[in-house]
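Take -3 as the starting number for the sequence shown in this note's numbering and just add one per residue.
Idealized CB from N, CA, C, for every residue including glycine.
A quick write-up on the structure given underneath.
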Amino acid sequence: MFISFEGVDGSGKSTQARLLAEHLRAEGTETILTREPGGSPGAEEIRRLLVEGGGDRWSPETEILLFTAARRDHLERLIRPALAQGATVITDRFADSTRAYQGAARAELGDLVEKLHALMIGIEPDLTFIIDLDPAEGLSRGAARGEGEDRFESLGLGFQQRLREAYAEIARRDPGRVRVIDGAGTPAEVAARVRAML
Ligand code: TYD
């Protein structure tokens, strides 16, 4: 199984990815937990270029290329080998992040994102959980974390609202793969909603 978690910044998806990985391991399923951008040494180097610096450091087109380069490395070095060995892979973000952030919320480059995805990545998760949360709440959670990896948070509330819409549209387009989970409440409450949709 290949599972991805998606959501606006501060939605709690990283916590939920971890909790599901712990749950599956406790059940005896070999599970790899990973994240994007990053997840392999090369992709983690590209990550630093992407998440640090000002909101306008890269054009949307350059960003798409960098995220796709990082994803390709992640796929080659970690995701495909793990799936081939029979492990379940849970990734904190995958291609839907590029569809939502670069394809819809930052610029209307959906066609370019899809073309590059088809050329260079070509696979979708078996299952995707979108953790849906009011972006105002997500941003205040993010600010509380204060990690310095805040290039996308710095684009503001209007941006996060466009993102939420973009994720809702992805869920409408691909109902067989995508499950929308209400992200309000405690981590344990949200985790129970995720497990109920497995
Ligand atoms: P992430 O580490 O998931 O940050 P957070 O935990 O704050 O959500 O991702 C870093 C940032 O990169 C995040 O703001 C979303 C953005 N991003 C894209 O814009 N496009 C992509 O394809 C991916 C994978 C991430």
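- Its chain contains Pro131 as the residues whose beta carbon lies nearer than 6 Å to that of Gln157, once the 5 sequence neighbours on both sides are disregarded; these appear in chain order.
- With contacts defined as CB atoms closer than 9 Å, Gly134 and Ser7 qualify as a contacting pair.
- DSSP places Ser0 in the uninterrupted beta strand (DSSP E) bounded by Phe(-2) to Gly3.
- Taking 8 Å as the upper bound for CB-CB distance, Leu71 and Thr30 are not in contact here, some 11 Å apart.
- The C-alpha of Leu16 lies about 17 Å from the C-alpha of Leu79.
- Between the segment 101 to 108 and the segment 34 to 50, the count of C-beta pairs closer than 8 Å stays below three; the two stretches do not touch.
- In this model, Thr25 and Ser0 are separated by some 16 Å (Cα to Cα).
- A straight line joining the alpha-carbon of Phe(-2) with that of Asp122 spans about 5 Å.
- According to DSSP, residue pairing for Arg31 in a beta bridge involves Asp88.
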